[in-house]
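**Student:** All letters in the sequence shown, in the order written, are residues 1 to 398 by UniProt numbering. The beta carbon of each residue, even a glycine, is placed where N, CA and C say it ideally should be.
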Amino acid sequence: MKVDLLLVVDHLNVECGVRYTYLKFIEWCESAGITLALVSDLDHNLTFKSVRAQLNLVVRDSREGLVLKRRPLYALVEGEDVIHEDLLKGNIDYSDVEWLDAWNGDRGWYPDFFRKCEEFANSIEPAKVVIATQSFLGFVVESIYRDKDPAICLHTNYPSFYAIRIAGKENELFDYVEMNAQRRLHKHFINNKNNIFLNSDVSEGFFRIGEAFNYQIFTPGVDTSIFKPKLKRQNGTLKIMYVGRFSEEKGIDNISTLTTSTPFAQWILAGKVSNGQNLDFSKNTSFLGYLDHESLADEMAKADALVFYGKWDTFGMIALEALSCGLPVFATRGSEMGRIIQQYDCGWEFSSTPELIELIKTIQKDGIRTEVKKNAREYALNMTWKSTFGDFVSKLRL
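Spelled out as structure tokens, the structure:
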């Protein structure tokens with residue numbers, strides 16, 4: 001079967017910005033007349049007419065005693081000589097591991113998955129191949145289509161995310177895990193690819209993509225008809241939002257410090273909480289849990305600003321959605337969103353939590369300039385899904 005594009009992506013749902021991007025992309029392909037074959041880890045088939053063939057591969061780990069946050073280490077170890085002493089705890093034999101484990105742990109499933117992917121590949125003829133995941137799916141399909149020059153889309157900074165989850169903070173162990181993750185990613189996945197897509201120029205530093213790589217930019221978009229400004233109250237308590245996962249890489253400890261240090265502000269927190277996670281915030285905090293896009297847009301339109309801890313984020317879809325609502329953003333200095341708000345004067349950069357607290361105090365005292373809100377919306381209007389997908393397909397030369 002001939003198709004325009006083979007797309008490889010995992011966890012296609014609306015709870016993750018990267019995956020949501022590709023769900024919107026599949027939807028857009030239907031309207032653009034682009035035919036797809038899809039490899040994903042869904043447990044069901046999508047109903048879009050653009051998807052002509054679909055292979056679902058779901059990993060169910062069999063190592064019952066494996067601590068969840070240690071799974072990524074299976075992707076890092078080649079031999080005992082590279083094992084950090086802190087990783088030897090728990091009586092887990094990290095030496096009996098191959099790179100084929102990707103990020104997921106148990107390698108017993110790999111031969112069967114490789115066979116299924118080969119059978120699927122033999123049944124289709126894609127004009128282009130896009131691998132948009134660094135998980136086991138990406139590793140498997142890249143090995144099959146290596147000589148076809150597949151496009152590799154590096155959206156998520158997995159090396160840093162895994163390093164902070166394992167180490168808990170930036171320290172020697174963090175540096176060790178991140179370094180080895182980067183090394184393996186280059187050796188077994190990026191290789192010498194000349195068809196790499198990044199979310200932003202800032203991502204070049206995350207993935208150590210130098211001048212030898214001919215990378216291009218593929219940014220997320222935003223639905224400006226859903227995320228749009230609404231008439232706000234004229235006065236009242238300063239309302240600040242935080243939206244995202246409550247995890248180490250998203251700055252959860254910093255959020256707790258922020259809410260207690262700014263009692264004059266009303267904090268609105270939204271996002272998915274892991275099972276068993278206990279959130280203890282101050283009285284000036286409202287926790288809304290996970291919100292669908294329409295509900296999130298309504299809450300954003302009521303707020304005054306959004307805090308985005310995106311030190312290791314390659315872009316920041318949540319921040320883009322806030323800008324589309326005319327909501328200025330506080331963003332980590334040096335991040336892609338920090339660069340955007342500085343260039344377009346639609347928010348404020350910070351380097352530390354104390355600096356952010358002082359910025360919030362200044363906003364409380366002086367207010368937010370009208371042009372900052374206007375600039376936020378104007379930037380987002382140039383970042384619609386239609387424009388970003390059209391640009392992506394053009395760069396793919398479909």
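Can you give me the Cβ contacts of Lys230 inside the same chain, cut-off strictly under 7 angstroms, excluding the 5 residues immediately before and after it?
**Tutor:** Position 230 of the sequence shown, counting from 1, holds the residue named residue 230. Once the five neighbours on either side are set aside, the close Cβ partners of Lys230 are Ala301.
**Student:** Taking buried to mean at least 16 other C-beta atoms within 10 Å of its own C-beta, is Phe264 buried or exposed?
**Tutor:** Here residue 264 corresponds to residue number 264 of the sequence shown, with the count starting at 1. Exposed, since its Cβ has fewer than 16 Cβ neighbours within 10 Å.
**Student:** Taking only three categories from DSSP, how would you classify Gln134?
**Tutor:** In the sequence shown, residue 134 corresponds to position 134, counting from 1. Of the three classes helix, strand and coil, the one that applies to Gln134 here is coil, per DSSP.
**Student:** Roughly how many angstroms separate the alpha carbons of Trp312 and Lys169, rounded to a whole number?
**Tutor:** The residue given as residue 312 occupies position 312 in the sequence shown. The residue given as residue 169 occupies position 169 in the sequence shown. C-alpha separation (whole angstroms): 13 angstroms.
**Student:** At 4 residues or longer, and completely inside the UniProt domain "Glycosyl transferase family 1" (227-378): list those alpha helix (DSSP H) runs for me, N to C.
**Tutor:** Complete alpha helix (DSSP H) runs here, min 4: 252-261, 293-302, 317-324, 336-344, 353-366.
**Student:** What residues in its chain sit with their C-beta under 8 angstroms from that of Val3, if we drop five residues either side in the sequence?
**Tutor:** For the purposes of this step, residue 3 is taken as residue 3 along the sequence shown, with counting starting at 1. Excluding sequence neighbours, Val3 sits near Thr35, Leu36, Ala37, Arg52, Ala53, Ile124, Glu125, Pro126, Ala127.
**Student:** With Leu185 as the anchor, note down where its alpha helix (DSSP H) starts and where it stops.
**Tutor:** The count along the sequence shown starts at 1 and reaches residue 185 at position 185. Where Leu185 is concerned, the enclosing alpha helix (DSSP H) stretches over 172-185.
**Student:** I'd like to confirm the pairing. Which residues does DSSP put opposite Glu125 in its beta bridges?
**Tutor:** Position 125 of the sequence shown holds residue 125. DSSP output for Glu125 lists Lys2 as bridge partner(s).
**Student:** For residue 399 versus Gly221, is the C-beta distance shorter than 8 angstroms?
**Tutor:** The requested residue 399 does not occur in the structure, where the chain is confined to residues 1 to 398.
**Student:** Is the beta carbon of Trp267 less than 8 angstroms from the beta carbon of Lys24?
**Tutor:** Your numbering for residue 267 matches position 267 in the sequence shown. Your numbering for residue 24 matches position 24 in the sequence shown. Not in contact: Trp267 and Lys24 (Cβ atoms no closer than 8 angstroms).
**Student:** Sorted by chain position, which residues of the same chain lie with C-beta nearer than 7 angstroms to Ala303's C-beta, five sequence neighbours on each side aside?
**Tutor:** Start at 1 with the first residue of the sequence shown, and residue 303 comes out as number 303. Contacts found: Lys239, Ile240, Met241, Ile268, Leu327.
**Student:** Rounded to whole angstroms, what is the Cα-Cα separation between Ser324 and Arg377?
**Tutor:** Position 324 of the sequence shown, counting from 1, holds the residue named residue 324. Position 377 of the sequence shown, counting from 1, holds the residue named residue 377. Distance between the alpha carbons of Ser324 and Arg377: 5 angstroms.
**Student:** Where are the alpha helix (DSSP H) runs, 4 residues long or more, that stay fully inside the stretch 7-60, in chain order?
**Tutor:** With a minimum length of 4 residues, the continuous alpha helix (DSSP H) runs that stay inside the stretch 7-60 are 17-32.
**Student:** Could you check whether Asn254 and Thr353 sit closer than 8 angstroms to each other, using their CB atoms as the reference points?
**Tutor:** Along the sequence shown, one-based indexing puts residue 353 at 353. Along the sequence shown, one-based indexing puts residue 254 at 254. It is a contact, given that the beta carbons lie within the stated cut-off.
**Student:** Quick one: any contact between the stretch 141-161 and the stretch 186-196, if contact means 3 or more CB pairs under 8 angstroms?
**Tutor:** Contact holds: three or more Cβ-Cβ distances are below 8 angstroms.
**Student:** If you draw a straight line from the C-alpha of Phe136 to the C-alpha of Ala380, how long is it?
**Tutor:** One-based indexing of the sequence shown puts residue 136 at position 136. One-based indexing of the sequence shown puts residue 380 at position 380. Roughly 34 angstroms separates the two Cα atoms.
**Student:** Just to confirm the assignment, what range does the beta strand (DSSP E) spanning Leu398 have?
**Tutor:** For the purposes of this step, residue 398 is taken as the residue at position 398 of the sequence shown. Note, Leu398: premise wrong, no beta strand (DSSP E); not H, not E.
**Student:** Nearest-angstrom Cα distance between Ile196 and Glu204?
**Tutor:** Indexing the sequence shown from 1 puts residue 196 at position 196. Indexing the sequence shown from 1 puts residue 204 at position 204. When rounded, the distance between both Cα atoms is 11 angstroms.
**Student:** What residues match up with Ile196 in a beta bridge as DSSP calls it?
**Tutor:** Locating residue 196 in the sequence shown gives position 196, counting from the first residue. Ile152, Tyr215.
**Student:** I need the DSSP call for Thr224, collapsed to helix, strand or coil.
**Tutor:** Within the sequence shown, the letter at position 224 stands for residue 224. Residue state, collapsed to three classes: coil.
**Student:** Report the rounded CA-to-CA distance for Leu12 versus Gln364, giving the unit in angstroms.
**Tutor:** As a first step, residue 12 must be located in the sequence shown, where it is residue number 12. As a first step, residue 364 must be located in the sequence shown, where it is residue number 364. Leu12 and Gln364: Cα-Cα distance of roughly 39 angstroms.
**Student:** Within 10 angstroms of the Cβ of Lys193, are there 16 or more other Cβ atoms? Answer buried if so, exposed if not.
**Tutor:** By 1-based counting over the sequence shown, the position of residue 193 is 193. With 16 or more Cβ atoms within 10 Å of its Cβ, Lys193 is classed as buried.
**Student:** Please list, in chain order, all residues of the same chain as Cys117 whose beta carbon is under 8 angstroms from its beta carbon, the five residues on each side excluded.
**Tutor:** Locating residue 117 in the sequence shown gives position 117, where the first residue counts as 1. Within the same chain, Cys117 has close Cβ partners Val39, Leu55, Leu57, Val140, Val141, Ile144.
**Student:** Tell me the DSSP bridge mates of Thr384?
**Tutor:** By 1-based counting over the sequence shown, the position of residue 384 is 384. Val222, per the DSSP bridge assignment.
**Student:** For Tyr145, which of helix, strand or coil comes out of DSSP?
**Tutor:** Position 145 of the sequence shown, counted from the start, is the residue given in the question as residue 145. Coil at Tyr145, not helix or strand.
**Student:** Given that a residue counts as buried once 16 or more other Cβ atoms are within 10 Å of its Cβ, and exposed if not, what is Pro159?
**Tutor:** Mapped onto the sequence shown, residue 159 falls at position 159. By the neighbour-count rule (16 or more Cβ atoms within 10 Å), Pro159 is buried.
**Student:** Rounding to the nearest angstrom, what Cα-Cα distance links Glu294 and Phe227 in this structure?
**Tutor:** Counting from 1 along the sequence shown, the entry for residue 294 is found at position 294. Counting from 1 along the sequence shown, the entry for residue 227 is found at position 227. Answer to the nearest angstrom: the Cα atoms are 8 angstroms apart.
**Student:** Going by other Cβ atoms of all chains shown within 10 Å of its Cβ, with 16 needed for buried, is Pro383 buried or exposed?
**Tutor:** The sequence position of residue 383 within the sequence shown is 383, counting from 1. Looking at the sequence shown, residue 383 is not Pro but Met. So Met383 ends up on the buried side.
**Student:** Can you determine whether any heavy atom of the ligand HEM sits closer than 7 angstroms to the C-beta of Phe197, and answer yes or no?
**Tutor:** No copy of the ligand HEM occurs in the structure displayed, which carries no ligand at all.
**Student:** Can you tell which of Asn171, Thr332, Thr260 has its C-alpha closest to the C-alpha of Ser286?
**Tutor:** Within the sequence shown, numbered from 1, the residue matching residue 286 stands at position 286. With distances taken between Cα atoms, Ser286 lies closest to Thr260.
**Student:** Relative to the C-alpha of residue 402, which candidate in Phe281, Asp292, Gly138, Thr262 has its C-alpha closest?
**Tutor:** An answer regarding residue 402 cannot be provided, because it is not within the stretch 1 to 398 covered by the chain.
**Student:** Beta-carbon within less than 8 angstroms of Asp96's beta-carbon, same chain only, minus the 5 sequence neighbours each way: which residues are those?
**Tutor:** In the sequence shown, counting from the first residue as 1, residue 96 sits at position 96. Its pLDDT being 34, under 50, Asp96 is placed unreliably by the model, and the measurement read from it follows with that caveat. Hits under 8 angstroms: none found.
**Student:** Taking the C-alpha atoms as reference points, what is the distance between residue 400 and Leu46?
**Tutor:** Nothing in the structure corresponds to residue 400, since the chain is present only between 1 and 398.
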